[in-house]
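Please read the structure below before turning to the comments.
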Amino acid sequence: EAWSAASAYGALVHDLGKIAVDVQVELADGTNWHPWHGPLDQPYRFKYVKGRDYRLHGAASSLIYANVISAEALDWLSGFPELWAQLVFAFAGQYEHADILGEIVSQADQASVAQELGGNPGRAMSAPKQSIQRQLAEGLRMLISEKFKLNQPDGPSDGWLTQDGLWLVSKPAVDQLRAHLLSQGIEHIPTSNAPMFNLLQDQAIIQPNGEGKAIWKASIDNGRGWKNTFTVLKIAPALIWPNATERPEAYTGTLTVEAAGVVEEVEQALV
1 EAWSAASAYG
11 ALVHDLGKIA
21 VDVQVELADG
31 TNWHPWHGPL
41 DQPYRFKYVK
51 GRDYRLHGAA
61 SSLIYANVIS
71 AEALDWLSGF
81 PELWAQLVFA
91 FAGQYEHADI
101 LGEIVSQADQ
111 ASVAQELGGN
121 PGRAMSAPKQ
131 SIQRQLAEGL
141 RMLISEKFKL
151 NQPDGPSDGW
161 LTQDGLWLVS
171 KPAVDQLRAH
181 LLSQGIEHIP
191 TSNAPMFNLL
201 QDQAIIQPNG
211 EGKAIWKASI
221 DNGRGWKNTF
231 TVLKIAPALI
241 WPNATERPEA
251 YTGTLTVEAA
261 GVVEEVEQAL
271 V
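Letter 63 of the sequence shown, counting from 1, is numbered 63 in UniProt numbering, and no numbers are missing.
Here it is, written out as structure tokens:
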């Protein structure tokens, strides 16, 4: 029972930090509200903060969880030392230290995102034509159909299509997508890669890894002596090819996804 409760609370708190770091809330009297102030008691308006850092979401959850989970529940859970240690790490967004509980919460979040976003890729193309979500999706479709080389059998590619997803080499893909959008006169496109990754994730264009982050790390092996490791973005194939009969054949080599935690050390190199 305690493990079930901890899993539920961990999942509940998983993205709670967004309201602490992603939005600015102004009350009717002109003062700013923060979630640690308690319930809102007057009319308010909010706006999204520019240059949001997705990596703060998990850590910021530790600022708020005690406002959502009762003291009685925390008292009870703290009586299970092994479980409690994992839950505290999960509350702080440090899932790599949260052992089994962290894995449960991360996989549940990944499944939820895949169902809500990746499972419904048509939503991006049905968005209003001038929406950033639609522009990002259309830009990727154009690049993949006209410029990107996929599944090259004898060496590097711009990306690889597997049964599980379309994997694009992260930095070149984002650089070319940004250049394309700017050439179309589209405004407010991030000028650096970290915010661009966040934008793609926020708009449900890419699928996050097991830790809820944009970047995956994958090893590619063509089976004939060439292999390499890349940081990649994962996209639902249906977003690019709604008709499955129009998709290229899946990559004949192997693509192996590495542990999610490995990518943290390379993220800064992609900015």
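Virtual Cβ for every residue (Gly too), placed ideally from N, Cα, C.
* Asked: Smallest Cα separation from SER4: which of LEU83, LEU182, THR231, THR229?
  -> Within the sequence shown, the letter at position 4 stands for residue 4. Minimum Cα distance to SER4 is reached at LEU83.
* To do: Examine chain C for any beta-carbon lying closer than 9 Å to the beta-carbon of ILE240, and answer yes or no.
  => The structure shown contains no chain C; it holds only a single protein chain.
* **Classification of ASN228 by the beta-carbon crowding that lies within 10 angstroms, buried from 16 upward** => Position 228 of the sequence shown, counted from the start, is the residue given in the question as residue 228. Residue environment analysis places ASN228 among the exposed positions, since fewer than 16 neighbouring C-beta atoms fall within 10 angstroms of its C-beta.
* Asked: Tell me which same chain residues have a C-beta within less than 7 Å of the C-beta of GLN163, skipping the five on either side of it?
  -> Taking the sequence shown and counting its residues from 1, one reaches residue 163 at position 163. Same-chain partners within the cutoff: ALA250.
* Residue(s) in a DSSP beta bridge with LEU166 -> One-based indexing of the sequence shown puts residue 166 at position 166. LEU166 is bridged to LEU161, ILE235.
* Do ALA137 and LEU239 have their C-beta atoms closer together than 9 Å? -> As a working mapping, residue 137 is identified with position 137 in the sequence shown. As a working mapping, residue 239 is identified with position 239 in the sequence shown. Result yes, Cβ atoms of ALA137 and LEU239 sit closer than 9 Å.
* **Nearest to GLY38 (by Cα), restricted to the options ALA20, VAL232, THR256** => Counted from its first residue, the sequence shown places residue 38 at position 38. For GLY38, the closest of ALA20, VAL232, THR256 by C-alpha to C-alpha distance is ALA20.
* Asked: In whole angstroms, what separates the C-alpha of ALA108 from that of ASN222?
  -> Taking the sequence shown and counting its residues from 1, one reaches residue 108 at position 108. Taking the sequence shown and counting its residues from 1, one reaches residue 222 at position 222. Taking the straight line joining both Cα atoms gives about 32 Å.
* Asked: Using DSSP with H/G/I as helix, E/B as strand and the rest coil, what is THR254?
  -> Indexing the sequence shown from 1 puts residue 254 at position 254. THR254: strand per DSSP, three-state reduction.
* Asked: Per DSSP, which one or two residues make a beta bridge with ALA28?
  -> Mapped onto the sequence shown, residue 28 falls at position 28. Answer is none; ALA28 lacks a bridge partner.
* Start and end of the beta strand (DSSP E) containing HIS47? -> Numbered from its first residue, the sequence shown carries residue 47 at position 47. This sequence places Lys at residue 47; His is not what is there. Counting along the chain, the beta strand (DSSP E) containing LYS47 begins and ends at 44–48.
* **Contact set for ASP29: own chain, Cβ-Cβ below 8 Å, skip 5 residues either direction** => To locate residue 29, count along the sequence shown from 1; it is residue 29. Answer for ASP29: GLN42, listed in chain order.
* Asked: When we look at the beta-carbon of residue 310 and count the other beta-carbons within 10 Å, is it buried (16 or more) or exposed?
  -> Residue 310 is absent from the structure shown; the chain starts at 1 and stops at 271.
* Asked: Leaving out the 5 sequence neighbours to the left and right, which residues in its chain are closer than 8 Å to LEU12 when beta-carbon positions are compared?
  -> Working through the sequence shown from its first residue, we reach residue 12 at position 12. Result list for LEU12: VAL68, ILE69, in chain order.
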